[in-house]
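S.K.: Right, I'll just put the structure down here and ask away after.
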DNA sequence: CGTGTGACGGCGC
DNA sequence: CGCGCCGCCACAC
């Protein structure tokens, strides 16, 4: 799988009312220092046919840094609809809501890390 | 091919 | 503590 495919795969697994961070996704997909690339991937995620809950990806402090890229319903309102409380574009109880892919994802497709050296 | 561009993160000051 | 620098890397052009 390509970098983008791996990122989309992980983001699709984030359940409602939970969030994860760009850094965690970057680490999980095998490029721990490429967290910016995760944001870059989210930028074009809306073009995908299947739904990708990009609003559930926030920065390490729980800030909604990607909010400017949402058309229609805002990033905050999408999260609030799932019961997440936001104040000043920031999730307060991030540690409780955090969805850690290393803990939550039991197994990945065989070709997930195919073109990657780890 | 070369280069610019980020929805980030870590580290130093 | 906050702020700013810089490494990062997939992709468009």
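Residue numbers (this note's numbering): 60 to 177. For every residue, glycine included, the Cβ atom is placed at its ideal position computed from N, Cα and C. It should be emphasised that the depicted structure is a prediction, and the values quoted were computed from it without experimental measurement.
Rounding to the nearest angstrom, what Cα-Cα distance links residue 161 and residue 120 in this structure?
M.R.: Residue 161 sits at position 102 when you count from the first residue of the first chain. Residue 120 sits at position 61 when you count from the first residue of the first chain. Taking the straight line joining both Cα atoms gives about 19 angstroms.
S.K.: Taking the alpha carbon of residue 71 as the reference point, which residue from 61, 125, 148 and 104 has its own alpha carbon closest?
M.R.: Here residue 71 is taken as the residue at index 12 of the first chain, counted from 1. The option with the nearest alpha carbon to residue 71 is 104.
S.K.: In angstroms, rounded to a whole number, what distance separates the CA positions of residue 176 and residue 157?
M.R.: To locate residue 176, count along the first chain from 1; it is residue 117. To locate residue 157, count along the first chain from 1; it is residue 98. With a pLDDT of only 48 at residue 176, under the threshold of 50, the placement of this residue in the model should not be trusted, and no figure is reported.
S.K.: Would you list the residues sitting across from residue 79 in a DSSP beta bridge?
M.R.: Residue mapping note: residue 79 aligns to position 20 of the first chain, counting from 1. According to DSSP, residue 79 bridges with 116.
S.K.: Compute the Euclidean distance between the alpha carbons of residue 170 and residue 60, then round it to the nearest angstrom.
M.R.: Stepping through the first chain from its first residue, residue 170 is reached at position 111. Stepping through the first chain from its first residue, residue 60 is reached at position 1. For residue 170 and residue 60, the distance between alpha carbons rounds to 6 angstroms.
S.K.: Do residue 182 and residue 135 have their C-beta atoms within less than 8 angstroms of each other?
M.R.: Beyond the ends of the chain as shown, which are 60 and 177, falls residue 182; an answer cannot be given.
S.K.: Kindly identify the DSSP beta-bridge partner or partners of residue 146.
M.R.: In the first chain, residue 146 corresponds to position 87, counting from 1. Note: residue 146 sits in a beta bridge opposite 149.
S.K.: Within 10 angstroms of its Cβ, does residue 87 collect 16 or more other Cβ (buried), or is it exposed?
M.R.: By 1-based counting over the first chain, the position of residue 87 is 28. Buried, since its Cβ has 16 or more Cβ neighbours within 10 Å.
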